[in-house]
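The sequence shown begins at 1 in the working numbering and counts up by one.
Down below is the structure, laid out as structure tokens.
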Amino acid sequence: MKSSTECNAHIEHWSRSAVRLQCIRSYHAQHEAVPDLSELEAHTGFFFILTHGEIAVRVSDETYQCRSPYIFHGGEDKNTSLEVRDLHQEWAGYLILYTTSSASSQDQENLALSYGFTPNAMLPIHEKCEAMERHWNSKEVLDRLQAQSTFLPLVYEVLGQRLRTLVHKESTKPNMVTEAIKYIQANYRESITAEKLAARYECSTSYLSRLFRNQIGLGPIEYLIHERVHRAKQLLLKSDARIQDVASKVGYADVYYFSRLFKKHTGRSPMQFRAEHQQAAQVQNNPLRRLESSIVSLPVASHNENESYYQWSEEGDTSMFRFSRPAFGAMMVLCTSLILSACQASNSTGGAAAAQEPTSQTAATTASDSTAAETRMYKHLKGETEIPVHPQRVVSFFHLGELIALGVKPVGTTTYVLENPHISDKTGITDIGIPPDAEKILSLQPDLIVTTPALAEIVEGGYEALSKIAPTIVIEQNNEPIKDIEMFGDILGKQEEAKQWNEKFTAKIAAYKAKISPYVRADETFSILNVRPDALFVYGDTNMGGNIIYKYLGLKPAAKVESDVIHGETWEVSTEVIPEFIGDRLFLAVNEGAEDKLKDIQKLIDASPAGKTGHVYSIDFDQFLPSDPIAVEKQLDIITDLIVGDAK
């Protein structure tokens, strides 16, 4: 399989075929012969999963050189063999044999394809292999059945990673947060910790948390709790299952902990939640029943927010969550708007006042309606969508600054985007929550919804649900003001305004480069360090002022910053290597509560080139975290003033 199209076809053949695990064997070999594949029975395929060392797989005249981690799939070819160059070399892996029964010869032929690849996350595959082998080697019949049931999830994981690998080659690197969200949605019942999730994507927990908060405003475990509480609500409303069974179904073995957690995030216990909605359903179905119970909320019992139980290492602090009660608010808004529209239509046709309305005003209204009704096709990450040429009521999940910069105030945006300290006038913008509340979005009657891939995933029903509310487009989170302004100029029908903003911003950059040039030597290097209570981050050329310093002002990064951060994948660094990343000038952002961490590294900063010359500039983390056009303009002012002011 050399393309995502071929991989999708292969997956389709798997879905149509009956498969059965034949055996699984683990190897941890040195001075040991490799598995003999020459005696594979007809209709037998295999996966060889290399977890350590190197090995070669020969298929007829083609040889695959495999270095761990590596996954190889083979079919019925009798000329398949495993080879080790050096018998003294240590290697480890799993050989999984299976048989297939396909409805057609085409299915059988496609399943026999040979291919190999390096997985992007070995941990979940390794865990499934370990569990499958353990169950397979058990003498209990049920355990053997469990091994069979684990085989298809393993195939699902392998083929999913293969598909993502091919898509990555054909387009851009997959978004780690989006992938993690999908994983949580599929596996919320399992024991998921921040450590396990980070290991799955081969990064640190703090780095993954940083990506999550930057893209959706929540940490990964906070989102996991949201998903579990949401699933619990569905089970409570759609079944009569015991609370203990509901807790178990959503990943909580302790029903008392689950009940307290549920009450913390919804304002009532699981029993109260179910009873309240059962009562609301009875009111709906019985028009003679008094409606007061559906209007008046049940009193929320007192609750101790400081219970240490909520500080589980798996879930962390969740005090920022508040879940709105499923209600009929959105429906009532729509019904009211329809009634008002009908009344207005009646007045405009039969009322005397309507007849006396000035002709010029009527013509202007008609022209405005005509403009708003014009649509066009817009290509985005989810395909093509028909959107208004000049949208009037925009809900934007992330790009608030871009809209404001172009003179468009959205009717709604997410909680953490509204917290942007650089945007002062937020009147008329509704907070749609985080995760975004589909009911609130519906009540705003948007004519366009703009979201990023990660934020689209965390809405109940995802992109499809949003598309039913209004035309929805999914765009990248570029964090590049010039590119973003141009993109939103196109989306909003504000091309001329976008052009003017970019020209003004480009001129400002040129003026500021000239302003600082007398004070900066050509060979001087710059670094950006963020100190947190539990981690140290070095920033590259995307945010925290990095795009301004390195891209716009053209200042030189420290050598280690350029090689390991800008052109590498290093973000979080350990204390001992801090001196390697600090250049002649340092921009330092210290988070609240990180004073002790700063004390630990203060001597290293003082001994660095920036520390010795006193070129260490303190910047506010909250001010420099956003990367929208309005924030970047203000950050440009701050950085320039710091450099110029330091020289005076």
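Ideal placement from N, C-alpha and C gives every residue a C-beta, glycine not left out.
- According to the DSSP secondary-structure assignment, Tyr70 is paired through a beta bridge with Leu50.
- In the three-state reduction of the DSSP assignment, Cys203 falls in the coil class, being assigned neither a helical nor a strand state.
- Per DSSP, Phe587 lies in no alpha helix (DSSP H); the unbroken beta strand (DSSP E) holding it starts and ends at 585-590.
- Under DSSP, Val229 takes part in no beta bridge, so it has no partner.
- In the three-state scheme derived from DSSP, where H, G and I count as helix and E and B as strand, Ala438 is classed as helix.
- DSSP lists Thr375 as the bridge partner or partners of Pro388.
- For Thr178, the enclosing alpha helix (DSSP H) covers residues 176-187.
- By the Cβ rule, the stretch 400-413 counts as touching the stretch 491-500, because three or more pairs are nearer than 8 angstroms.
- The three-state reading of DSSP puts His399 in coil, since its state is none of H, G, I, E or B.
- By the neighbour-count definition (other C-beta atoms within 10 Å, threshold 16), Leu448 is a buried residue.
- DSSP places Asn8 outside any beta strand (DSSP E); the residue lies instead in the alpha helix (DSSP H), whose first and last residues are 4-16.
- The Cβ atoms of Leu50 and Cys66 lie closer than 7 angstroms to each other.
- Secondary structure note for Trp91: its beta strand (DSSP E) is the uninterrupted segment 91-101.
- For Gly540, the secondary structure class from DSSP, reduced to helix, strand or coil, is coil.
- Going by DSSP, Ile509 is part of the alpha helix (DSSP H) stretching over 495-516.
- The Cβ neighbour count for Val395, taken over all protein chains shown within 10 Å, is at least 16; the residue is labelled buried.
- Collapsing the DSSP output to three states places Val411 in coil.
- Assigned with DSSP and collapsed to three states, Val616 falls in strand.
- In this structure, DSSP gives Gln623 a helical state, which the three-state scheme calls helix.
- The alpha-carbon separation between Ser248 and Phe397 amounts to approximately 33 angstroms.
- For Val565, the three-state secondary structure derived from DSSP is helix.
- In this structure, Gln22 lies away from Tyr94, with their beta-carbon atoms at least 7 angstroms apart.
- Sorting Ile125, His126, Glu127, Gln148 by C-alpha distance to the C-alpha of Trp136 places Gln148 at the top.
- Taking a 10 Å sphere around the C-beta of His28, we find fewer than 16 other C-beta atoms and assign the residue as exposed.
- Cβ-Cβ distances below 7 angstroms link Thr415 to Gly217, Asp431, Gly433, Ile434 in the same chain, with the five nearest sequence neighbours on each side left out; the list follows chain order.
- Measuring C-alpha to C-alpha distances from Ile605 to each of Glu384, Asn543, Leu588, Ile24 identifies Leu588 as the nearest.
- Closest in alpha carbon position to Arg393, among Ile441, Gly383, Pro579, is Ile441.
- The criterion of a C-beta distance shorter than 7 angstroms is not satisfied by Leu224 and Pro270.
- Counting along the chain, Tyr463 sits inside the alpha helix (DSSP H) bounded by residues 462-469.
- Under the DSSP assignment, Ile491 falls in the alpha helix (DSSP H) whose first and last residues are 481-492.
- The Cβ-Cβ distance between His380 and Ile475 falls below 7 angstroms.
- Annotated three-state conformation of Ile630 is helix, per DSSP.
- Within the same chain, Cβ atoms closer than 8 angstroms to the Cβ of Asp254 are found at Ala247, the five residues on either side in sequence being excluded.
- Leu455 carries a helical assignment under DSSP once its states are collapsed to helix, strand and coil.
- The residue among Gly428, Glu497, Ser467 with its C-alpha nearest the C-alpha of Glu386 is Ser467.
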